[in-house]
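One structure below.
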Amino acid sequence: MSADLVIIGAGPAGMAAARVAAEGGLSVTLLDEQERAGGQIYRNVGAVAGRGWLGADYARGGALVQGLDHPGITHQPRATVWRIDARRGVIWLRDGQSHVSPAAHVLIATGAQERPVPFPGWTLPGLMPAGAAQILMKQSGMVPDEAILAGAGPLLYLVAAQMIAAGAPPVALVETPTAITHALPKLPRALFGLPTLIKGLGLIARIRAAGIPWYRGAADFRAETTEDGRIRFDFTTGKQSHSLTCGLLLTHLGVIPQSHLTRSMGLAHEYDAEQGAWRPTLDPWGQSSEPHVFVAGDGGGIGGAEAARAKGALAALAILHQAGKLDAAGRDRRAAPLRRALSRALSLRPFLDAAYSVPSAFLAPPDETIVCRCEEVTAGSIRKAACTGAEGLRLMRTSLRTGMGPCQGRMCETTVIGLIAEATDRPASTLGPGRIRTPVKPVTLAEIAALGPQPEETT
Amino acid sequence: MNAASRFRDAPGAAPRSLRLMLDGVPVLARPGESVAAALLAHSGGATRQTPVTGAGRAPYCMMGVCFDCLVTIDGHPNVQACMVSAREGMVIQRQIGARRLGDQP
Ligand SMILES: Cc1cc2nc3c(=O)[nH]c(=O)nc-3n(C[C@H](O)[C@H](O)[C@H](O)COP(=O)(O)OP(=O)(O)OC[C@H]3O[C@@H](n4cnc5c(N)ncnc54)[C@H](O)[C@@H]3O)c2cc1C
Numbered sequence: 001m002s003a004d005l006v007i008i009g010a011g012p013a014g015m016a017a018a019r020v021a022a023e024g025g026l027s028v029t030l031l032d033e034q035e036r037a038g039g040q041i042y043r044n045v046g047a048v049a050g051r052g053w054l055g056a057d058y059a060r061g062g063a064l065v066q067g068l069d070h071p072g073i074t075h076q077p078r079a080t081v082w083r084i085d086a087r088r089g090v091i092w093l094r095d096g097q098s099h100v101s102p103a104a105h106v107l108i109a110t111g112a113q114e115r116p117v118p119f120p121g122w123t124l125p126g127l128m129p130a131g132a133a134q135i136l137m138k139q140s141g142m143v144p145d146e147a148i149l150a151g152a153g154p155l156l157y158l159v160a161a162q163m164i165a166a167g168a169p170p171v172a173l174v175e176t177p178t179a180i181t182h183a184l185p186k187l188p189r190a191l192f193g194l195p196t197l198i199k200g201l202g203l204i205a206r207i208r209a210a211g212i213p214w215y216r217g218a219a220d221f222r223a224e225t226t227e228d229g230r231i232r233f234d235f236t237t238g239k240q241s242h243s244l245t246c247g248l249l250l251t252h253l254g255v256i257p258q259s260h261l262t263r264s265m266g267l268a269h270e271y272d273a274e275q276g277a278w279r280p281t282l283d284p285w286g287q288s289s290e291p292h293v294f295v296a297g298d299g300g301g302i303g304g305a306e307a308a309r310a311k312g313a314l315a316a317l318a319i320l321h322q323a324g325k326l327d328a329a330g331r332d333r334r335a336a337p338l339r340r341a342l343s344r345a346l347s348l349r350p351f352l353d354a355a356y357s358v359p360s361a362f363l364a365p366p367d368e369t370i371v372c373r374c375e376e377v378t379a380g381s382i383r384k385a386a387c388t389g390a391e392g393l394r395l396m397r398t399s400l401r402t403g404m405g406p407c408q409g410r411m412c413e414t415t416v417i418g419l420i421a422e423a424t425d426r427p428a429s430t431l432g433p434g435r436i437r438t439p440v441k442p443v444t445l446a447e448i449a450a451l452g453p454q455p456e457e458t459t
Numbered sequence: 001m002n003a004a005s006r007f008r009d010a011p012g013a014a015p016r017s018l019r020l021m022l023d024g025v026p027v028l029a030r031p032g033e034s035v036a037a038a039l040l041a042h043s044g045g046a047t048r049q050t051p052v053t054g055a056g057r058a059p060y061c062m063m064g065v066c067f068d069c070l071v072t073i074d075g076h077p078n079v080q081a082c083m084v085s086a087r088e089g090m091v092i093q094r095q096i097g098a099r100r101l102g103d104q105p
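Protein sequence lines, in the order shown, are assigned to chains A and B. If you read the first sequence in full-length UniProt numbering, its first letter stands for residue 1, the second for the next number, and so on. If you read the second sequence in full-length UniProt numbering, its first letter stands for residue 1, the second for the next number, and so on.
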């Protein structure tokens, strides 16, 4: 099952790259753990008809999926990549069986995950990220019943508008403090992203027109289950306390790159202070610190779907050049319009990052908050441990088991770092990223053994 | 455990034509949806209890990162219900208590 190029992730970045690389003459294997191509934004787009309420942007993903219909592209769905090995290739799992895809070139396009939103009660049934509810809307035709949307960011407005269009409007929008005025100096550049800006304003207008109660500057989140299994959501705005009841509490504070795979390979990473997250260090083509490994899309830094598509195509051009299929002049000529599209797509980003930065109470939440959902470690115990010597992720791991559960820190690392930073008065940038070991997705010993002798750990 | 679902069907949603069993109780699923989605459509309650304190949890991230939706499917423990498509006749068990990843069936 050898290919010239193995791409991990069939979102806009991976799909765009696959098409460009295949048209350029490379054999491409496209691995994705989902059943269908599309990634997060275009999840299930090939299979859904008649869900107009998801909007025109969603429907646009169909063309990218159709682009995979090329003899040079082999799409492997339900393929969960759990290790990339420098010598053997990309190792993935399907139905309990591991496979190795050797590759001369690798493109990692694994996208983003929603940023954890920890507060007392966030682990209860009835609480979910807003994007998770959106996945249910896209993939299952299910809509949230009497839900509250809480947090901040463009995706929160989009989900609200999609719920309204589907006839299931949220009962309230509870927005954490935004810094729009503080972000205004970044607006001139944002005007290059005018269509996106106008779309965003359109979403806000639709939420207003639907008459959804809108709370601004909300803080001190707390959720509890009521006797009849509903959710009571308490919060404050200024000096005022509020208590609302809902069926479902959907939270959102933006997305962060999924970097477990890139970190497990020992690639260089850097801290992005504006986005408050680590990302692999990349050159303008998406080339990582490992010459044959490229990263494209939100997994390399949050830019959204249009940026992901452009970055995927740019990486594919660089890989075609590296493989001797495209000379430097041809690569650069074809890259020029993509770079313009990328610059347009990213022009709104600095404004959004500044306007919707994460309130510190969600980086270092109240003591009783469960931070590590797997091992059920509270913010209070992490604070205490940080003050008594566990001043780094690794020490915290050995003393409290944070990040040692099945999610491998995906749901707690940002918070553990936030709490250590607060307790030791050090910037978050000095405290990560945590080291990640393979397998990056849980694999049983039997499944590893079935692969035969393993090469030495490289990291 | 069988609180009413926190979701309802969108306009024009396809019928739930598949039948799975959850701890001996039939659960209906729509072709193409994940097991986690079918469980959330069935009930708003917990689908597992944590190994450490026994707290109830339900599917959370729906995209394979949080591992709160772990269930036993057709005898295989610790399967991420959000990453597996529902299929006719699947037998699902909630995971109660101290079953850790890597445990054998
Ligand atoms: C839940 C969620 C919902 C979102 N909804 C929207 C939206 O409606 N509109 C919008 O503009 N933006 C949305 N975004 C932002 C989104 O990140 C970008 O718009 C865009 O999808 C990024 O494209 P991408 O190609 O970089 O990655 P993605 O589209 O995220 O695609 C990455 C793909 O990689 C696969 N993958 C990840 N890890 C592995 C692995 N180990 N093995 C195999 N496959 C793997 C995933 O299954 C996924 O299909 C959403 C993000 C999230 C997390």
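For every residue, glycine included, the Cβ atom is placed at its ideal position computed from N, Cα and C. Everything numeric in this text was worked out from a predicted model, so none of it was measured.
Could you name the residues that DSSP lists as bridge partners for residue i?
| i | result |
| --- | --- |
| A:Ile8 | A:Leu31 and A:Ile108 |
| A:Glu368 | DSSP lists no partner for A:Glu368. |
| A:Phe294 | A:Leu107 and A:Gln287 |
| A:Asp353 | In DSSP, A:Asp353 forms no bridge with anything. |
| A:Glu114 | A:Val255 |
| B:Pro26 | B:Met21 |
| A:Thr80 | A:Leu93 |
| A:Ser101 | A:Val90 |
| A:His242 | A:Phe235 |
| A:Arg263 | Note: A:Arg263 sits in no beta bridge, so no partner. |
| A:Glu270 | A:Arg279 |
Could you confirm whether any beta carbon from chain B is found closer than 9 angstroms to the beta carbon of residue i?
| i | result |
| --- | --- |
| A:Ala133 | yes |
| A:Lys311 | no |
| A:Lys384 | no |
| residue 480 of chain A | Since the displayed chain A opens at 1 and closes at 459, residue 480 of chain A lies outside it and no answer follows. |
| A:Arg373 | yes |
| A:Leu244 | no |
| A:Pro129 | yes |
| A:Pro442 | yes |
| A:Leu248 | yes |
| A:Asp228 | yes |
| A:Gly124 | According to the sequence shown, residue 124 of chain A is Leu rather than Gly. Yes, A:Leu124 counts as interfacial toward chain B. |
| A:Ser289 | no |
| A:Arg397 | no |
| A:Cys387 | no |
| A:Ser98 | no |
Between which two residues does the beta strand (DSSP E) holding residue i run?
| i | result |
| --- | --- |
| A:Arg232 | Ile231 to Thr237 |
| A:Ile207 | Note, A:Ile207: premise wrong, no beta strand (DSSP E); alpha helix (DSSP H) at Leu194 to Ala209. |
| B:Thr72 | Leu70 to Ile73 |
| B:His76 | His76 to Gln80 |
Which stretch, first to last residue, makes up the alpha helix (DSSP H) that contains residue i?
| i | result |
| --- | --- |
| A:Glu175 | First-last for A:Glu175: Ala172 to Glu175, but that is the beta strand (DSSP E), not the alpha helix (DSSP H). |
| A:Arg222 | A:Arg222 -> not in any alpha helix (DSSP H); beta strand (DSSP E) instead, spanning Ala218 to Thr225. |
| A:Glu422 | Glu413 to Thr424 |
| A:Glu447 | Leu445 to Ala449 |
| residue 466 of chain A | Nothing in the structure corresponds to residue 466 of chain A, since chain A is present only between 1 and 459. |
| B:Val91 | Note, B:Val91: premise wrong, no alpha helix (DSSP H); beta strand (DSSP E) at Val91 to Gln93. |
I'd like to know if residue i contacts chain A, where contact means its C-beta is closer than 9 angstroms to some C-beta of that chain.
| i | result |
| --- | --- |
| B:Gly89 | no |
| B:Pro26 | no |
| B:Gly32 | yes |
| B:His76 | yes |
| B:Leu22 | no |
| B:Arg57 | yes |
| B:Ala38 | yes |
If we count the other Cβ atoms within 10 Å of its Cβ and call it buried at 16 or more, is residue i buried or exposed?
| i | result |
| --- | --- |
| A:Thr226 | exposed |
| B:Met21 | exposed |
| A:Lys311 | buried |
| A:Cys407 | buried |
| A:Lys239 | exposed |
| A:Glu175 | buried |
| A:Pro129 | buried |
| A:Val255 | buried |
| A:Leu184 | exposed |
| A:Gln134 | buried |
Worksheet item: Taking three-plus beta-carbon pairs below 8 angstroms as touching, is the stretch 404-419 of chain A in contact with the stretch 354-368 of chain A?
Response: yes
Practice prompt. Taking 8 angstroms as the threshold, find out whether the stretch 93-109 of chain A comes into contact with the stretch 53-67 of chain A through three or more Cβ pairs.
Written response: no
Fill in: contact_flag[the stretch 329-347 of chain A, the stretch 211-219 of chain A] where n(CB pairs < 8 angstroms) is 3 or more
no
Worksheet item: Can at least three beta-carbon pairs, one atom from the stretch 345-356 of chain A and one from the stretch 377-391 of chain A, be found at a separation below 8 angstroms?
Response: no
Worksheet item: Quick one: any contact between the stretch 55-62 of chain B and the stretch 11-21 of chain B, if contact means 3 or more CB pairs under 8 angstroms?
Response: no
Practice prompt. Say whether the stretch 229-239 of chain A touches the stretch 392-408 of chain A, bearing in mind that this needs 3 or more beta-carbon pairs closer than 8 angstroms, one atom from each stretch.
Written response: no
Discussion item. For the structure I just gave you, are there three or more beta carbon pairs, one from the stretch 435-450 of chain A and one from the stretch 105-116 of chain A, closer than 8 angstroms?
Written reply: no
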